[in-house]
Amino acid sequence: MHPLLSWLCGIQSVAMNMQTAGEELDLNDGLFRINGNCGYVLKPDILLQGIDPRSILWPKVKLGIGIISAQYLPNSAPGKDIVDPYVSMQIFGVPRDECKMKTKTIKDNGFNPVWNQSFEKDLYCPELAILRFVVKDFDSTTSNDFIGEFSIPVSSVRKGGIFLEYFYKK
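Take the sequence shown: its letter number 166 is residue 166 in the UniProt record's numbering, and every next letter is one higher.
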């Protein structure tokens with residue numbers, strides 16, 4: 001079961017399979033980045049106060065994301081050719097906030113790919129939104145190969161440039 005469904009209902013303790021890497025575990029890691037990966041994460045105020053589902057919600061935040069570049073991307077597997085990287089971003093949260101975005105693919109450049117692309121999204125409930133980045137190697141003949149991932153709660157995102165160190169499989 002996807003942990004986000006439980007978190008959106010206010011359930012704090014969600015059973016996770018910590019042995020299987022993937023989207024669910026990455027989102028769990030992202031949620032606990034709020035408090036430095038230790039201890040208990042408090043419920044957002046919106047879950048404590050409650051919300052009338054019939055009320056009209058206006059966007060609270062305009063989230064702007066700029067993907068500039070990457071450095072030293074590893075090959076997705078030993079012996080494979082140079083990577084053709086792209087970054088996909090996904091916002092998880094209430095249904096109205098959820099979306100997927102993707103950069104262009106940079107051909108044969110895992111050393112220093114430059115995207116210089118910007119994305120914007122209006123968020124209605126940023127307190128419950130988690131932003132997930134996934135770097136993949138485009139492959140026209142088979143499925144795209146995973147390179148790395150990183151998740152962060154939107155409530156932890158600040159203005160300015162930041163360096164994200166992604167986590168990748170070995």
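We put the beta carbon where it would ideally sit given N, CA and C, even for glycine. Note that the structure is predicted; figures quoted are calculated from it, not measured.
The segment 57-69 makes contact with the segment 110-124: 3 or more CB pairs, one atom from each, lie closer than 8 Å. Counting C-beta pairs with one atom in each stretch, the segment 46-53 and the segment 111-118 have fewer than three that are closer than 8 Å, which means they do not touch. Nearest C-alpha to GLY10 among LEU47, GLY36, ILE162: LEU47.
Shown here, ILE152 sits in a strand according to DSSP, grouped into three states. Per DSSP, SER69 lies in no alpha helix (DSSP H); the unbroken beta strand (DSSP E) holding it starts and ends at 61-69. Contact between the segment 130-147 and the segment 73-87 is established, with three or more Cβ pairs separated by less than 8 Å. The count of Cβ pairs closer than 8 Å, one atom from the segment 154-161 and one from the segment 100-113, stays below three, leaving the stretches out of contact. With a beta-carbon spacing of about 13 Å, GLY93 and ILE152 fall beyond the 8 Å limit used to define contacts.
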